[in-house]
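Visitor: Have a look at this one before I ask anything.
Numbering (the working numbering), first residue to last: 47 to 454.
Given below as C-alpha coordinates:
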(Lines of atoms letter the chains of each structure in order from A and count residues from 1; the text may use other names and numbers.)
(Lines give C-alpha, C1' and ligand atoms only; values in the text may rest on other atoms or scores of the structure.)
Protein backbone atom coordinates (compact mmCIF):
# COMPACT_ATOMS: atom_id res chain seq x y z
CA UNK A 1 0.00 0.00 0.00
CA UNK A 2 2.84 2.36 0.86
CA UNK A 3 4.45 1.70 -2.54
CA UNK A 4 1.17 2.42 -4.32
CA UNK A 5 0.66 5.76 -2.50
CA UNK A 6 4.25 6.83 -3.16
CA UNK A 7 3.77 6.00 -6.85
CA UNK A 8 0.62 8.14 -7.06
CA UNK A 9 2.30 11.09 -5.31
CA UNK A 10 5.23 11.01 -7.72
CA UNK A 11 3.30 10.43 -10.93
CA UNK A 12 0.08 12.35 -10.34
CA UNK A 13 -3.60 11.78 -10.90
CA UNK A 14 -3.30 10.65 -14.52
CA UNK A 15 -1.02 7.77 -13.52
CA UNK A 16 -3.41 6.86 -10.71
CA UNK A 17 -6.36 6.76 -13.10
CA UNK A 18 -4.50 4.60 -15.69
CA UNK A 19 -3.13 2.26 -13.07
CA UNK A 20 -6.52 1.73 -11.44
CA UNK A 21 -7.98 0.86 -14.85
CA UNK A 22 -5.14 -1.61 -15.46
CA UNK A 23 -5.59 -3.17 -12.04
CA UNK A 24 -9.05 -4.36 -13.05
CA UNK A 25 -7.41 -6.82 -15.46
CA UNK A 26 -4.07 -7.78 -13.95
CA UNK A 27 -4.29 -6.65 -10.33
CA UNK A 28 -2.72 -3.53 -8.84
CA UNK A 29 0.55 -5.20 -7.87
CA UNK A 30 0.90 -6.74 -11.32
CA UNK A 31 0.24 -3.36 -12.96
CA UNK A 32 2.97 -1.67 -10.92
CA UNK A 33 5.44 -4.46 -11.68
CA UNK A 34 4.64 -4.31 -15.39
CA UNK A 35 5.24 -0.54 -15.45
CA UNK A 36 8.51 -1.02 -13.56
CA UNK A 37 9.96 -3.56 -15.99
CA UNK A 38 12.78 -2.60 -18.34
CA UNK A 39 13.96 -4.21 -21.55
CA UNK A 40 16.32 -7.16 -20.94
CA UNK A 41 18.33 -6.92 -24.15
CA UNK A 42 18.11 -6.43 -27.90
CA UNK A 43 18.11 -9.01 -30.65
CA UNK A 44 21.70 -10.00 -31.53
CA UNK A 45 22.49 -8.92 -35.08
CA UNK A 46 23.97 -11.48 -37.38
CA UNK A 47 26.84 -9.92 -39.32
CA UNK A 48 26.99 -11.70 -42.66
CA UNK A 49 26.87 -11.00 -46.36
CA UNK A 50 23.09 -10.83 -46.39
CA UNK A 51 23.02 -8.51 -43.39
CA UNK A 52 25.43 -5.96 -44.84
CA UNK A 53 24.02 -5.84 -48.38
CA UNK A 54 23.42 -2.30 -49.47
CA UNK A 55 25.81 -0.51 -47.10
CA UNK A 56 25.21 2.45 -44.83
CA UNK A 57 23.77 4.65 -47.57
CA UNK A 58 21.04 2.10 -48.33
CA UNK A 59 20.27 1.82 -44.61
CA UNK A 60 19.98 5.61 -44.26
CA UNK A 61 17.72 5.88 -47.29
CA UNK A 62 15.61 2.96 -46.06
CA UNK A 63 15.13 4.62 -42.66
CA UNK A 64 14.12 7.92 -44.30
CA UNK A 65 11.67 6.10 -46.56
CA UNK A 66 9.92 4.36 -43.68
CA UNK A 67 9.85 7.53 -41.56
CA UNK A 68 8.02 9.24 -44.41
CA UNK A 69 5.64 6.31 -44.95
CA UNK A 70 4.73 6.10 -41.27
CA UNK A 71 3.36 9.65 -41.42
CA UNK A 72 1.92 9.84 -44.94
CA UNK A 73 0.91 6.32 -45.99
CA UNK A 74 -2.69 6.27 -47.20
CA UNK A 75 -3.00 2.54 -47.76
CA UNK A 76 -5.19 0.66 -45.30
CA UNK A 77 -3.26 -2.00 -43.43
CA UNK A 78 -3.58 -4.04 -40.28
CA UNK A 79 -0.85 -3.11 -37.78
CA UNK A 80 -0.24 -6.33 -35.90
CA UNK A 81 2.40 -4.50 -33.86
CA UNK A 82 -0.02 -1.90 -32.47
CA UNK A 83 0.04 -1.11 -28.81
CA UNK A 84 3.63 0.05 -28.59
CA UNK A 85 6.74 1.12 -30.38
CA UNK A 86 10.26 -0.15 -30.90
CA UNK A 87 11.16 0.52 -27.25
CA UNK A 88 8.42 -1.70 -25.79
CA UNK A 89 9.32 -3.44 -22.50
CA UNK A 90 9.56 -7.20 -22.28
CA UNK A 91 6.05 -8.64 -22.94
CA UNK A 92 4.10 -9.59 -19.82
CA UNK A 93 3.53 -13.23 -20.74
CA UNK A 94 6.70 -13.97 -22.72
CA UNK A 95 7.49 -13.71 -26.40
CA UNK A 96 6.55 -16.92 -28.17
CA UNK A 97 3.99 -19.67 -28.54
CA UNK A 98 5.68 -22.16 -26.21
CA UNK A 99 6.92 -21.87 -22.60
CA UNK A 100 10.57 -22.31 -23.59
CA UNK A 101 10.34 -19.21 -25.79
CA UNK A 102 9.68 -16.84 -22.91
CA UNK A 103 13.04 -15.12 -23.22
CA UNK A 104 13.87 -11.53 -23.96
CA UNK A 105 16.13 -12.47 -26.89
CA UNK A 106 13.61 -14.62 -28.75
CA UNK A 107 12.93 -13.35 -32.28
CA UNK A 108 9.30 -12.36 -32.78
CA UNK A 109 7.23 -10.89 -35.59
CA UNK A 110 7.57 -7.54 -33.81
CA UNK A 111 11.36 -7.70 -33.61
CA UNK A 112 11.47 -8.58 -37.32
CA UNK A 113 9.43 -5.45 -38.07
CA UNK A 114 11.81 -3.34 -35.97
CA UNK A 115 14.78 -4.83 -37.79
CA UNK A 116 13.12 -4.13 -41.13
CA UNK A 117 12.39 -0.53 -40.19
CA UNK A 118 16.07 0.00 -39.36
CA UNK A 119 17.04 -1.27 -42.81
CA UNK A 120 18.71 -4.43 -41.49
CA UNK A 121 18.51 -7.58 -43.58
CA UNK A 122 16.51 -10.57 -42.34
CA UNK A 123 17.93 -14.10 -42.64
CA UNK A 124 15.76 -17.21 -43.08
CA UNK A 125 16.97 -20.80 -43.45
CA UNK A 126 14.90 -23.96 -43.70
CA UNK A 127 15.30 -26.85 -41.26
CA UNK A 128 13.38 -30.09 -40.90
CA UNK A 129 14.70 -31.81 -37.76
CA UNK A 130 16.38 -31.17 -34.41
CA UNK A 131 20.08 -31.05 -35.45
CA UNK A 132 19.41 -28.89 -38.51
CA UNK A 133 17.29 -26.43 -36.54
CA UNK A 134 19.87 -26.31 -33.76
CA UNK A 135 22.60 -25.48 -36.27
CA UNK A 136 20.52 -22.78 -37.95
CA UNK A 137 19.57 -21.24 -34.61
CA UNK A 138 23.15 -21.15 -33.33
CA UNK A 139 24.35 -19.70 -36.65
CA UNK A 140 22.20 -16.65 -35.95
CA UNK A 141 19.41 -16.87 -38.53
CA UNK A 142 16.37 -14.79 -37.65
CA UNK A 143 13.82 -17.36 -38.84
CA UNK A 144 13.78 -21.17 -38.99
CA UNK A 145 11.36 -22.15 -41.74
CA UNK A 146 10.04 -25.71 -41.64
CA UNK A 147 9.15 -25.70 -45.31
CA UNK A 148 7.16 -28.11 -47.41
CA UNK A 149 10.39 -28.35 -49.41
CA UNK A 150 10.96 -31.27 -47.03
CA UNK A 151 8.91 -33.25 -49.52
CA UNK A 152 11.71 -32.94 -52.05
CA UNK A 153 14.96 -32.67 -50.06
CA UNK A 154 14.03 -35.06 -47.22
CA UNK A 155 11.39 -37.45 -48.59
CA UNK A 156 12.73 -37.58 -52.14
CA UNK A 157 9.54 -36.60 -53.99
CA UNK A 158 9.75 -34.79 -57.31
CA UNK A 159 7.44 -32.02 -56.03
CA UNK A 160 6.22 -30.74 -52.66
CA UNK A 161 2.68 -31.96 -53.28
CA UNK A 162 2.80 -35.43 -51.63
CA UNK A 163 3.92 -34.10 -48.24
CA UNK A 164 1.11 -34.47 -45.70
CA UNK A 165 0.15 -32.33 -42.74
CA UNK A 166 1.01 -35.18 -40.36
CA UNK A 167 4.51 -35.43 -41.84
CA UNK A 168 4.88 -31.67 -41.63
CA UNK A 169 3.87 -31.65 -37.96
CA UNK A 170 6.52 -34.26 -37.21
CA UNK A 171 9.17 -32.07 -38.86
CA UNK A 172 7.87 -29.01 -36.99
CA UNK A 173 8.04 -30.67 -33.60
CA UNK A 174 11.57 -31.91 -34.18
CA UNK A 175 12.80 -28.53 -35.41
CA UNK A 176 11.10 -26.61 -32.59
CA UNK A 177 13.00 -28.66 -30.01
CA UNK A 178 16.27 -27.41 -31.48
CA UNK A 179 15.42 -23.69 -31.41
CA UNK A 180 15.75 -21.35 -28.45
CA UNK A 181 16.06 -17.98 -30.21
CA UNK A 182 14.87 -17.83 -33.82
CA UNK A 183 11.26 -17.39 -34.94
CA UNK A 184 9.81 -20.77 -36.04
CA UNK A 185 7.54 -20.71 -39.10
CA UNK A 186 5.77 -23.83 -40.37
CA UNK A 187 4.58 -24.29 -43.94
CA UNK A 188 1.01 -25.34 -44.63
CA UNK A 189 1.39 -28.29 -47.05
CA UNK A 190 -0.73 -28.75 -50.14
CA UNK A 191 -4.23 -30.09 -49.54
CA UNK A 192 -4.70 -29.14 -45.89
CA UNK A 193 -6.04 -25.57 -46.14
CA UNK A 194 -7.34 -24.66 -49.60
CA UNK A 195 -10.95 -25.81 -49.21
CA UNK A 196 -12.15 -23.06 -46.88
CA UNK A 197 -11.20 -20.52 -44.26
CA UNK A 198 -12.28 -23.06 -41.65
CA UNK A 199 -9.89 -25.66 -43.08
CA UNK A 200 -7.05 -23.11 -43.21
CA UNK A 201 -7.66 -22.06 -39.60
CA UNK A 202 -7.88 -25.67 -38.40
CA UNK A 203 -4.60 -26.65 -40.07
CA UNK A 204 -2.87 -23.47 -38.90
CA UNK A 205 -3.94 -24.08 -35.33
CA UNK A 206 -2.55 -27.61 -35.51
CA UNK A 207 0.78 -26.31 -36.78
CA UNK A 208 0.89 -23.87 -33.87
CA UNK A 209 -0.26 -26.27 -31.15
CA UNK A 210 1.01 -29.67 -32.27
CA UNK A 211 3.99 -28.39 -34.25
CA UNK A 212 5.07 -25.79 -31.66
CA UNK A 213 5.53 -23.14 -34.32
CA UNK A 214 5.29 -19.36 -33.87
CA UNK A 215 3.66 -18.66 -37.25
CA UNK A 216 2.60 -20.35 -40.50
CA UNK A 217 3.44 -19.75 -44.14
CA UNK A 218 0.83 -19.93 -46.90
CA UNK A 219 1.39 -19.97 -50.65
CA UNK A 220 -0.79 -17.41 -52.40
CA UNK A 221 -1.53 -17.40 -56.11
CA UNK A 222 -4.96 -15.74 -56.24
CA UNK A 223 -7.49 -13.62 -54.32
CA UNK A 224 -9.08 -16.73 -52.83
CA UNK A 225 -5.84 -17.61 -51.06
CA UNK A 226 -5.60 -14.03 -49.77
CA UNK A 227 -9.00 -14.49 -48.15
CA UNK A 228 -7.70 -17.64 -46.47
CA UNK A 229 -4.68 -15.77 -45.13
CA UNK A 230 -6.95 -13.03 -43.78
CA UNK A 231 -9.12 -15.61 -42.02
CA UNK A 232 -6.11 -17.26 -40.38
CA UNK A 233 -4.78 -13.90 -39.17
CA UNK A 234 -8.20 -13.02 -37.77
CA UNK A 235 -8.17 -16.36 -35.94
CA UNK A 236 -5.04 -15.22 -34.13
CA UNK A 237 -2.26 -16.92 -36.10
CA UNK A 238 0.62 -14.94 -37.61
CA UNK A 239 0.97 -15.58 -41.34
CA UNK A 240 3.92 -15.27 -43.72
CA UNK A 241 2.61 -14.87 -47.26
CA UNK A 242 4.24 -16.30 -50.40
CA UNK A 243 3.90 -15.01 -53.97
CA UNK A 244 5.67 -15.48 -57.29
CA UNK A 245 6.59 -19.09 -57.98
CA UNK A 246 4.36 -21.09 -55.65
CA UNK A 247 5.53 -24.72 -55.91
CA UNK A 248 2.18 -26.07 -54.72
CA UNK A 249 0.66 -24.67 -57.93
CA UNK A 250 3.04 -26.66 -60.14
CA UNK A 251 0.08 -28.43 -61.77
CA UNK A 252 -1.51 -25.15 -62.86
CA UNK A 253 1.80 -23.50 -63.77
CA UNK A 254 2.86 -26.46 -65.88
CA UNK A 255 6.15 -26.81 -64.04
CA UNK A 256 8.48 -24.79 -61.82
CA UNK A 257 9.00 -21.49 -63.63
CA UNK A 258 9.73 -17.87 -62.88
CA UNK A 259 6.71 -15.56 -62.78
CA UNK A 260 6.36 -11.84 -63.43
CA UNK A 261 8.39 -11.45 -66.61
CA UNK A 262 5.51 -9.84 -68.51
CA UNK A 263 3.97 -6.55 -67.37
CA UNK A 264 0.55 -8.14 -66.84
CA UNK A 265 1.88 -11.06 -64.84
CA UNK A 266 4.18 -8.79 -62.84
CA UNK A 267 1.28 -6.53 -61.89
CA UNK A 268 -0.70 -9.54 -60.69
CA UNK A 269 2.17 -10.60 -58.41
CA UNK A 270 2.55 -7.01 -57.21
CA UNK A 271 -1.15 -6.75 -56.35
CA UNK A 272 -1.12 -10.10 -54.54
CA UNK A 273 1.73 -8.90 -52.33
CA UNK A 274 -0.17 -5.71 -51.48
CA UNK A 275 -3.29 -7.73 -50.73
CA UNK A 276 -1.39 -10.01 -48.36
CA UNK A 277 -0.17 -7.00 -46.43
CA UNK A 278 -3.72 -5.69 -46.20
CA UNK A 279 -4.82 -9.16 -45.03
CA UNK A 280 -2.48 -8.84 -42.03
CA UNK A 281 0.54 -10.93 -43.04
CA UNK A 282 3.70 -9.99 -41.15
CA UNK A 283 5.96 -10.70 -44.14
CA UNK A 284 5.85 -12.01 -47.71
CA UNK A 285 8.15 -14.46 -49.51
CA UNK A 286 8.97 -13.46 -53.10
CA UNK A 287 10.09 -16.54 -55.02
CA UNK A 288 11.72 -16.57 -58.45
CA UNK A 289 10.47 -13.23 -59.73
CA UNK A 290 12.54 -10.62 -61.62
CA UNK A 291 14.84 -8.58 -59.38
CA UNK A 292 13.29 -5.29 -60.48
CA UNK A 293 9.80 -6.53 -59.62
CA UNK A 294 10.99 -7.70 -56.20
CA UNK A 295 12.56 -4.29 -55.60
CA UNK A 296 9.33 -2.52 -56.55
CA UNK A 297 7.24 -4.72 -54.25
CA UNK A 298 9.69 -4.20 -51.38
CA UNK A 299 9.49 -0.44 -51.90
CA UNK A 300 5.69 -0.50 -51.88
CA UNK A 301 5.22 -2.65 -48.77
CA UNK A 302 5.62 -1.73 -45.12
CA UNK A 303 6.16 -5.37 -44.09
CA UNK A 304 9.39 -7.27 -44.82
CA UNK A 305 9.86 -9.16 -48.07
CA UNK A 306 11.92 -12.37 -48.02
CA UNK A 307 13.51 -13.16 -51.35
CA UNK A 308 14.48 -16.49 -52.83
CA UNK A 309 15.82 -16.26 -56.35
CA UNK A 310 14.46 -12.71 -56.58
CA UNK A 311 17.53 -10.50 -56.40
CA UNK A 312 19.31 -8.53 -53.66
CA UNK A 313 16.81 -5.75 -52.98
CA UNK A 314 14.34 -7.62 -50.78
CA UNK A 315 14.22 -7.12 -47.01
CA UNK A 316 15.85 -10.49 -46.43
CA UNK A 317 16.77 -13.81 -48.00
CA UNK A 318 15.85 -17.47 -47.54
CA UNK A 319 17.61 -20.59 -48.77
CA UNK A 320 16.96 -24.30 -48.36
CA UNK A 321 19.35 -25.95 -45.89
CA UNK A 322 20.23 -28.85 -48.19
CA UNK A 323 20.82 -26.59 -51.19
CA UNK A 324 23.07 -24.05 -49.50
CA UNK A 325 25.21 -26.68 -47.76
CA UNK A 326 25.49 -29.08 -50.71
CA UNK A 327 24.02 -31.85 -48.57
CA UNK A 328 23.34 -34.37 -51.34
CA UNK A 329 25.31 -35.34 -54.39
CA UNK A 330 22.68 -37.83 -55.55
CA UNK A 331 21.59 -37.16 -59.17
CA UNK A 332 17.97 -36.73 -58.06
CA UNK A 333 18.83 -33.86 -55.75
CA UNK A 334 21.26 -32.30 -58.20
CA UNK A 335 18.48 -32.19 -60.78
CA UNK A 336 16.22 -30.12 -58.50
CA UNK A 337 18.84 -27.79 -56.98
CA UNK A 338 17.90 -24.32 -58.31
CA UNK A 339 20.32 -22.00 -60.09
CA UNK A 340 19.94 -19.25 -57.48
CA UNK A 341 21.07 -21.45 -54.57
CA UNK A 342 24.64 -20.52 -53.73
CA UNK A 343 26.57 -23.31 -52.02
CA UNK A 344 28.28 -22.21 -48.84
CA UNK A 345 29.68 -25.68 -48.14
CA UNK A 346 30.01 -29.12 -49.72
CA UNK A 347 28.73 -31.24 -46.86
CA UNK A 348 27.47 -33.93 -49.22
CA UNK A 349 30.94 -34.62 -50.61
CA UNK A 350 32.47 -34.77 -47.13
CA UNK A 351 29.71 -37.10 -45.97
CA UNK A 352 30.12 -39.35 -49.01
CA UNK A 353 33.84 -39.66 -48.37
CA UNK A 354 33.31 -40.51 -44.70
CA UNK A 355 30.63 -43.13 -45.42
CA UNK A 356 32.73 -44.73 -48.15
CA UNK A 357 35.78 -44.89 -45.86
CA UNK A 358 33.70 -46.56 -43.13
CA UNK A 359 32.57 -49.29 -45.52
CA UNK A 360 36.15 -49.88 -46.69
CA UNK A 361 37.54 -50.12 -43.14
CA UNK A 362 34.84 -52.53 -42.00
CA UNK A 363 35.43 -54.81 -44.98
CA UNK A 364 39.20 -54.71 -44.34
CA UNK A 365 38.81 -55.40 -40.62
CA UNK A 366 40.39 -52.04 -39.72
CA UNK A 367 37.36 -50.83 -37.80
CA UNK A 368 36.79 -51.08 -34.95
CA UNK A 369 40.36 -51.21 -33.63
CA UNK A 370 41.26 -51.41 -29.94
CA UNK A 371 40.82 -47.64 -29.58
CA UNK A 372 37.13 -47.95 -30.45
CA UNK A 373 36.55 -51.15 -28.40
CA UNK A 374 36.53 -49.73 -24.86
CA UNK A 375 34.50 -52.40 -23.04
CA UNK A 376 36.09 -55.60 -21.70
CA UNK A 377 35.69 -58.30 -19.04
CA UNK A 378 38.31 -58.90 -16.40
CA UNK A 379 40.57 -61.92 -16.91
CA UNK A 380 38.90 -63.80 -14.04
CA UNK A 381 35.36 -63.20 -15.35
CA UNK A 382 36.40 -64.19 -18.85
CA UNK A 383 37.83 -67.51 -17.56
CA UNK A 384 34.69 -68.13 -15.52
CA UNK A 385 32.47 -67.59 -18.56
CA UNK A 386 34.64 -69.88 -20.70
CA UNK A 387 34.28 -72.64 -18.10
CA UNK A 388 30.49 -72.17 -17.98
CA UNK A 389 30.20 -72.35 -21.76
CA UNK A 390 32.31 -75.49 -22.03
CA UNK A 391 30.12 -77.07 -19.35
CA UNK A 392 27.08 -76.37 -21.55
CA UNK A 393 28.72 -78.05 -24.52
CA UNK A 394 29.70 -74.77 -26.25
CA UNK A 395 33.34 -75.75 -26.61
CA UNK A 396 34.13 -73.50 -29.57
CA UNK A 397 32.78 -70.41 -27.82
CA UNK A 398 34.73 -71.32 -24.69
CA UNK A 399 37.88 -71.75 -26.74
CA UNK A 400 37.33 -68.34 -28.33
CA UNK A 401 37.27 -66.75 -24.88
CA UNK A 402 40.47 -68.55 -23.90
CA UNK A 403 42.20 -67.49 -27.11
CA UNK A 404 41.00 -63.90 -26.46
CA UNK A 405 42.60 -64.07 -23.00
CA UNK A 406 45.88 -65.29 -24.51
CA UNK A 407 45.97 -62.59 -27.20
CA UNK A 408 45.18 -59.81 -24.74
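Even for Gly, the Cβ is constructed at its ideal location relative to N, Cα and C.
Given a cut-off of 9 angstroms on the beta-carbon distance, is the pair residue 286 and residue 231 in contact?
Guide: Residue 286 sits at position 240 when you count from the first residue of the chain shown. Residue 231 sits at position 185 when you count from the first residue of the chain shown. Yes, the pair counts as a contact, with Cβ atoms nearer than the cut-off.
Visitor: If you drop the 5 nearest sequence neighbours on each side, which residues of the same chain put their C-beta closer than 8 angstroms to that of residue 201?
Guide: Translated into the one-based positions of the chain shown, residue 201 becomes position 155. Contacts found: 208, 209 and 213.
Visitor: Using the beta-carbon count (16 or more within 10 Å), is residue 220 buried or exposed?
Guide: Locating residue 220 in the chain shown gives position 174, where the first residue counts as 1. It is buried - the Cβ of residue 220 has at least 16 other Cβ atoms within 10 Å.
Visitor: Counting Cβ pairs, one atom from each stretch, are 3 or more of them under 8 angstroms apart for the region 344 to 361 and the region 159 to 171?
Guide: The answer is yes - the region 159 to 171 touches the region 344 to 361, with three or more Cβ pairs under 8 angstroms.
Visitor: Around the C-beta of residue 310, are 16 or more other C-beta atoms found within 10 angstroms, so that it is buried, or is it exposed?
Guide: For the purposes of this step, residue 310 is taken as residue 264 along the chain shown, with counting starting at 1. Counting Cβ neighbours within 10 Å, residue 310 comes out exposed, since fewer than 16 surround it.
Visitor: Leaving out five residues before and five after residue 44 in sequence, what residues of the same chain have Cβ atoms less than 6 angstroms from its Cβ?
Guide: What is shown of the chain runs 47 to 454, which leaves residue 44 out entirely.
Visitor: Kindly provide the ranges of any alpha helix (DSSP H) runs that are 4 or more residues long and lie completely inside the region 362 to 448, ordered along the chain.
Guide: If we require 4 residues or more, the alpha helix (DSSP H) runs fully inside the region 362 to 448 come out as 367 to 370, 377 to 382, 393 to 410 and 425 to 437.
Visitor: For residue 197, does the count of other Cβ atoms within 10 angstroms reach 16, so buried, or fall short, so exposed?
Guide: As a position in the chain shown, residue 197 is number 151, starting the count at 1. The residue is buried, with at least 16 neighbouring Cβ atoms inside 10 Å.
Visitor: Between 414, 413, 260 and 299, which has its C-alpha nearest residue 229's C-alpha?
Guide: If you number the chain shown from 1, residue 229 lands on position 183. Nearest C-alpha to residue 229: 260.
Visitor: Using the beta-carbon count (16 or more within 10 Å), is residue 288 buried or exposed?
Guide: As a position in the chain shown, residue 288 is number 242, starting the count at 1. The residue in question, residue 288, is buried, as its Cβ has 16 or more Cβ neighbours within 10 Å.
Visitor: When you compare the region 274 to 282 with the region 239 to 255, are there three or more beta-carbon pairs, one atom per stretch, that lie closer than 8 angstroms?
Guide: Touching, yes.
Visitor: By Cβ distance, which residues of its chain are closer than 6 angstroms to residue 187, with the 5 residues on each side in sequence left out?
Guide: Your numbering for residue 187 matches position 141 in the chain shown. Counting only Cβ-Cβ distances below 6 angstroms, and skipping sequence neighbours, we find 169, 171 and 228.
Visitor: How would you label residue 418, buried or exposed, when you count the other beta carbons within 10 angstroms and need 16 or more for buried?
Guide: Here residue 418 corresponds to residue number 372 of the chain shown, with the count starting at 1. Residue 418 is exposed by the Cβ-count criterion.
Visitor: According to the neighbour-count rule (16 or more other Cβ atoms, all chains shown, within 10 Å of its Cβ), is residue 326 buried or exposed?
Guide: Numbered from 1 along the chain shown, position 280 holds the residue referred to as residue 326. Its Cβ being crowded by 16 or more others within 10 Å, residue 326 is buried.
Visitor: Using the Cα positions of residue 241 and residue 272, report the straight-line distance between them to the nearest angstrom.
Guide: Counted from its first residue, the chain shown places residue 241 at position 195. Counted from its first residue, the chain shown places residue 272 at position 226. Looking at the two C-alpha atoms, the distance is approximately 13 angstroms.
Visitor: Does DSSP put residue 329 in a helix, in a strand, or in coil?
Guide: As a working mapping, residue 329 is identified with position 283 in the chain shown. Note: residue 329 maps to strand in three-state DSSP.
Visitor: Note the first and the last residue of the continuous beta strand (DSSP E) segment covering residue 233.
Guide: For the purposes of this step, residue 233 is taken as residue 187 along the chain shown, with counting starting at 1. Residue 233 -> beta strand (DSSP E) spans 229 to 233.
Visitor: Using a Cβ-Cβ cut-off of 6 angstroms (strictly less than) and excluding sequence neighbours within five positions of residue 354, which residues of its own chain qualify?
Guide: Along the chain shown, one-based indexing puts residue 354 at 308. Closer than 6 angstroms at Cβ, skipping near neighbours: 333 and 364.
Visitor: In three-state DSSP terms, what is residue 202?
Guide: Position 156 of the chain shown, counted from the start, is the residue given in the question as residue 202. Coil at residue 202, not helix or strand.
Visitor: Just the C-alpha distance for residue 239 and residue 420, rounded to the nearest angstrom, thanks.
Guide: The residue given as residue 239 occupies position 193 in the chain shown. The residue given as residue 420 occupies position 374 in the chain shown. Each residue's Cα considered, the two are about 53 angstroms apart.
Visitor: Nearest to residue 372 by alpha carbon, out of 384, 362 and 361?
Guide: In the chain shown, the residue the question calls residue 372 occupies position 326. Closest by alpha carbon: 384.
Visitor: Which residue from 256, 176, 216 and 250 puts its Cα closest to that of residue 226?
Guide: The count along the chain shown starts at 1 and reaches residue 226 at position 180. Looking at the Cα atoms, 176 is the closest of the given residues.
Visitor: Taking the DSSP output, what are the residues bridged to residue 354?
Guide: Within the chain shown, residue 354 is the residue found at index 308, counting from 1. In DSSP, residue 354 forms a bridge with 333.
Visitor: How many whole angstroms separate the CB atoms of residue 250 and residue 234, which I take to be in contact at a CB cut-off of 8 angstroms?
Guide: Position 204 of the chain shown, counting from 1, holds the residue named residue 250. Position 188 of the chain shown, counting from 1, holds the residue named residue 234. The pair is a contact, with the Cβ atoms about 7 angstroms apart (cut-off 8 angstroms).
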